[in-house]
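Below you'll find the structure, written out as structure tokens, and then a few comments.
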Amino acid sequence: MFIHSLADQTSVISIISEAHWVVKVVMALLLLMSIGCWYIIVAKYLTLARVARQTTQFNEAFWRSRNIEDIYSSAQELRESPLSAMFLAGYTELAKLTKDGRPGDRDGDLENVTRALSRAETSQVTELESKVPFLATTGSSAPFIGLFGTVWGIMFTIRGMGNPEQAQISVIAPEIAEALLATAVGLVAAIPAVMAYNYFQRRIRVLRSQMESFEKDYLNIVRRHFLK
10 MFIHSLADQT SVISIISEAH WVVKVVMALL LLMSIGCWYI IVAKYLTLAR VARQTTQFNE
70 AFWRSRNIED IYSSAQELRE SPLSAMFLAG YTELAKLTKD GRPGDRDGDL ENVTRALSRA
130 ETSQVTELES KVPFLATTGS SAPFIGLFGT VWGIMFTIRG MGNPEQAQIS VIAPEIAEAL
190 LATAVGLVAA IPAVMAYNYF QRRIRVLRSQ MESFEKDYLN IVRRHFLK
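Residue numbers (the working numbering): 10 to 237.
Next up, the structure:
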């Protein structure tokens, strides 16, 4: 009977409802951070999946086609690919430089195309990395926020143990449980955030490597065929 009563007192709902208001604020903050992380995880996973798929499609179209207008059409259709954005930026700059058939300064023109590609790459990387730092922030701070709630709860539990009537295990067990629950909630928020952050960073590094390779290939083609 005693064990059953103690289990009832230490149920999760009971722990949360009877927790100190500071511990409640800590757990509410961690819950909001966890919800935000899961929203970012799902949204970013779907986004990166589309980006990777369209990048593969554009890369195939780029090397398969011998007509720059066909590549331009593919880039317009596959706008979520960072390679498409880079191609369009380079195409636009190249169109300005070759307008009216003027020869221009070869090295200066090539530098302009390089800058256009670099600007597009930076913009695309920034977009890919958007919201991802929040995962790192949650992963690094959530355990400490939860630990703060635990320390706060245990501190008040120890204060109450000065009263012999409140020093019984049936009295202090729920208070200790609520303190430990704050740390558990912090870990629940932090672990998926850290795992997702590492996963997304790896996929973004792969895409960034593809962008760097594409920039070199694009500039070689421009140098050989357009800025002679």
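C-beta atoms are modelled at their ideal positions from N, C-alpha and C, and glycine is treated no differently. Please read all numbers here as calculations on a predicted model, not as lab measurements.
- Where ASN76 is concerned, there is no enclosing alpha helix (DSSP H), because DSSP gives it neither an H nor an E.
- When GLY155, GLN210 and VAL160 are compared, the shortest CA-CA separation from ALA191 is found for GLY155.
- DSSP places SER90 in no alpha helix (DSSP H); its state is neither H nor E.
- Annotated as distal: LEU103 and PHE67, with beta-carbon spacing of 7 Å or more.
- Contact between the stretch 198 to 205 and the stretch 133 to 147 is established, with three or more Cβ pairs separated by less than 8 Å.
- Burial state of SER222 is exposed, judged by a 10 Å Cβ sphere holding fewer than 16 other Cβ atoms.
- Rounded to whole angstroms, the gap between the alpha carbons of PHE153 and VAL160 is 10 Å.
- When the beta-carbon positions are compared, VAL194 and LEU97 stay at least 7 Å from each other.
- With distances taken between CA atoms, MET36 lies nearest to GLY162 out of TYR208, TYR227 and GLY162.
- Contact between ALA188 and VAL32 holds: CB atoms are separated by about 7 Å, below the 8 Å threshold.
- The Cβ neighbour count for SER218, taken over all protein chains shown within 10 Å, is under 16; the residue is labelled exposed.
- Take the alpha-carbon of ARG75 and the one of ILE230: they are about 11 Å apart.
- A distance of 7 Å or more separates the beta carbons of GLU86 and VAL60.
- Taking a C-beta distance under 7 Å as the contact criterion, ILE213 and LEU137 qualify as a contact pair.
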